[in-house]
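Note that this note's numbering has the sequence shown beginning at 2, numbered continuously upward. Encoded as structure tokens, the structure appears first; notes follow it.
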Amino acid sequence: MNTPIYDFVQNYIKSNTARLHMPGHKGVSFLGCEAFDITEIRGADELYAPNGIIRESEENATQLFDTARTVFSAGGSSQSINAMLYLAYLKAEKSERPFVLAGRNAHKSFIYALAKLDCDVEWIYPENSGSICSCIVTAEALEKRLDELESMPFAVYITSPDYLGGMSDIKSLADVCNRYDIPLLVDNAHGSYLKFCIEDNHPISLGADMCCDSAHKTLPVLTGGGYLHIAKDDKYGFSQNVVNAMAIFGSTSPSYLILQSLDLCNKYIDEKIKNDITICTEKIDEIRRIMNKNGIPDVSCEPLKITADFRGTDMDVECILSESSIEYEYSDGEFMVFMLTPQNSDDDFEKLKIFFENVGKIKKMETPNIQLPKAERKFTIRDAVFSESEEIEVRNALGRICASPTVSCPPAIPIAVSGERIAEEHINLFRKYNIEKILVIK
2 MNTPIYDFVQ NYIKSNTARL HMPGHKGVSF LGCEAFDITE IRGADELYAP NGIIRESEEN
62 ATQLFDTART VFSAGGSSQS INAMLYLAYL KAEKSERPFV LAGRNAHKSF IYALAKLDCD
122 VEWIYPENSG SICSCIVTAE ALEKRLDELE SMPFAVYITS PDYLGGMSDI KSLADVCNRY
182 DIPLLVDNAH GSYLKFCIED NHPISLGADM CCDSAHKTLP VLTGGGYLHI AKDDKYGFSQ
242 NVVNAMAIFG STSPSYLILQ SLDLCNKYID EKIKNDITIC TEKIDEIRRI MNKNGIPDVS
302 CEPLKITADF RGTDMDVECI LSESSIEYEY SDGEFMVFML TPQNSDDDFE KLKIFFENVG
362 KIKKMETPNI QLPKAERKFT IRDAVFSESE EIEVRNALGR ICASPTVSCP PAIPIAVSGE
422 RIAEEHINLF RKYNIEKILV IK
């Protein structure tokens, strides 16, 4: 598979051309990558009007992911989430106020997208969850929720895999959406590699109409690199407006460093990734066996993610990991997430094995489930986000209206959503997750 973007930049560097264009560093090395950092010069194509090297590279990605159209994002999944919702919104019936039906563990970029589009949301809450991050949506729960609604949403929006590695049954959810003729959108930010496992569990392969991937989370791509995928049958015609949708929500100065990494990743996917993932999952399975021996549950369903359940332990696990020279992805004092890929070294795997071997057996204690409260909505999301706000301490927030969602990042999942009245249950969760101040409508 060719790498047209990368090859163009390499040839430009070798040409010793006078750089009388942006960016201002002129290719002079400060960080070390400047020579590769260009802008939309002649021959470099344009991300939001691609008809040259970028279009060629995107067509390579389209082939690899087996879609009607795969386009690049230099703004991560956040840009693609905005574009997905916009594309579905274009098809919405406007005689009534449009809304989306979504799993409650949506990323804050989803909330901001609704504010920009002036759309509402109806939530699907998890039946049982040990974390604000997790919301496994079943086909039965989706159908029940659709039957409860007085009118139909313009899209169903699911986050899968979720931050802890939980995965909804996308195929069953797609079957429900097909019966109701509602497009299924999936935030697959953590799962771009799922297409290339022994069992293909990528949302597009399982029936989603659109999904976004943060390539940089699990593939060898620079931070900010991502994809927006449109299903091969494209029964809603989303591909017709996809480039314009990305342009509306993206910078006019996309990073060519990110685009080159996406371009090179095509070649890696084509030549190596399946074998590398197979080897990597074998190493992870060995770690899971050690965890099981010591009574440490792994609640992740993802092949390349370990989510250790440390609820009930009084050990300072974060301190132990720091002393072991291990940096984790996320910890909330109960769950600890480790994200692994084929690019992790054997030494990385060995350190994690030693940690779980030495942590000792954990005596589990009963811990209550965590439920995001079903809040009273007082403002539309847009009105709340665009209202004048003030920052106050959580202890003074009872009864106030959430402005912008106050979240930790990661995992960036709102406890209270813009426009909702803050209840005691919200305050308890803010305290649990060490959120001390929040933005409320002034």
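Just so it is clear, CB atoms sit at the ideal spot from N, CA and C, and this is done for glycine as well.
Asked, Found
"My guess is that residue 109 and residue 413 are in contact by the Cβ rule of under 8 Å, so how many angstroms apart are they, rounded?", "5 Å"
"Between which two residues does the beta strand (DSSP E) containing residue 279 stretch?", "Where residue 279 is concerned, there is no enclosing beta strand (DSSP E), although the alpha helix (DSSP H) it sits in stretches over 274–294."
"Going by Cα to Cα distance, which pick from 208, 213, 433 is closest to residue 225?", "213"
"Within the same chain, show all residues whose beta-carbon is closer than 6 Å to that of residue 41, passing over the 5 residues directly before and after it, in chain order.", "47"
"Is it a yes or a no for the stretch 384–400 touching the stretch 417–434, going by three-plus beta-carbon pairs under 8 Å?", "yes"
"Does DSSP put residue 86 in a helix, a strand or coil?", "helix"
"Grouping DSSP H, G and I as helix and E and B as strand, with all else coil, what is residue 446?", "The structure shown has nothing for residue 446, since the chain only spans 2 to 443."
"Mark residue 171 as exposed unless 16 or more other C-beta atoms lie within 10 angstroms of its C-beta, in which case mark it buried.", "buried"
"Which residue wins for smallest C-alpha separation from residue 284, given the options 304, 266, 271?", "304"
"Please return the same chain residues whose Cβ sits closer than 6 Å to the Cβ of residue 99, not counting the five positions on each side in sequence.", "93, 120, 155"
"Between the stretch 77–92 and the stretch 244–252, do three or more beta carbon pairs fall short of 8 Å?", "yes"
"I need the straight-line Cα distance from residue 219 to residue 190, nearest angstrom please.", "9 Å"
"Under a three-way DSSP split, which group does residue 320 fall into?", "helix"
"For a minimum of 3 consecutive residues, which ranges assigned as the beta strand (DSSP E) are wholly contained in the stretch 176–225?", "185–188, 211–214"
"Starting from the C-beta of residue 424, find all residues in its chain whose C-beta is less than 7 Å away, skip the five residues before and the five after it, and write them out in chain order.", "374, 376"
"So, does the stretch 201–208 touch the stretch 50–59, judging by three or more C-beta pairs under 8 Å?", "no"
"According to DSSP, is residue 341 helix, strand or coil?", "coil"
"For residue 223, tell me which candidate among 287, 438, 73, 299 has the shortest Cα-Cα distance.", "73"
"Residue 392 lies in the beta strand (DSSP E); which residues open and close that run?", "390–394"
"Classify residue 424 as helix, strand or coil using the three-state DSSP reduction.", "coil"
"With distances taken Cα to Cα, identify the nearest neighbour of residue 197 among 258, 271, 157.", "271"
"What span of residues does the alpha helix (DSSP H) with residue 55 cover, start to end?", "54–66"
"Look up residue 1 in the DSSP assignment and say whether it is helix, strand or coil.", "Shown here, the chain extends from 2 to 443; a query on residue 1 therefore has no answer."
"Do you know offhand how far residue 263's Cα is from residue 399's?", "46 Å"
"Within 10 Å of its beta-carbon, does residue 64 have 16 or more other beta-carbons around it, so buried, or fewer, so exposed?", "exposed"
"With burial defined as no fewer than 16 other Cβ atoms inside 10 Å of the residue's Cβ, what is the status of residue 253: buried or exposed?", "exposed"
"Can you round the beta-carbon distance between residue 66 and residue 230 to whole angstroms, since I take them to be within the 8 Å contact cut?", "6 Å"
"With residue 438 and residue 394 assumed to form a contact (beta carbons below 8 Å), what rounded beta-carbon distance in angstroms separates them?", "6 Å"
"Please report the distance separating the alpha-carbon of residue 345 from that of residue 355.", "16 Å"
"Kindly indicate the opening and closing residues of the beta strand (DSSP E) around residue 231.", "227–231"
"Taking a contact to mean a Cβ-Cβ separation below 8 Å, would you say residue 357 touches residue 295 in this structure?", "yes"
"Under 8 Å by Cβ, that's how I've got residue 1 and residue 173 pegged, so tell me the actual separation to the nearest angstrom.", "There is simply no residue 1 to check, as the chain begins at 2 and stops at 443 in what is shown."
"Could you compute how far the alpha carbon of residue 360 sits from the alpha carbon of residue 325?", "11 Å"
"Determine the DSSP secondary structure at residue 358, reduced to helix, strand or coil.", "helix"
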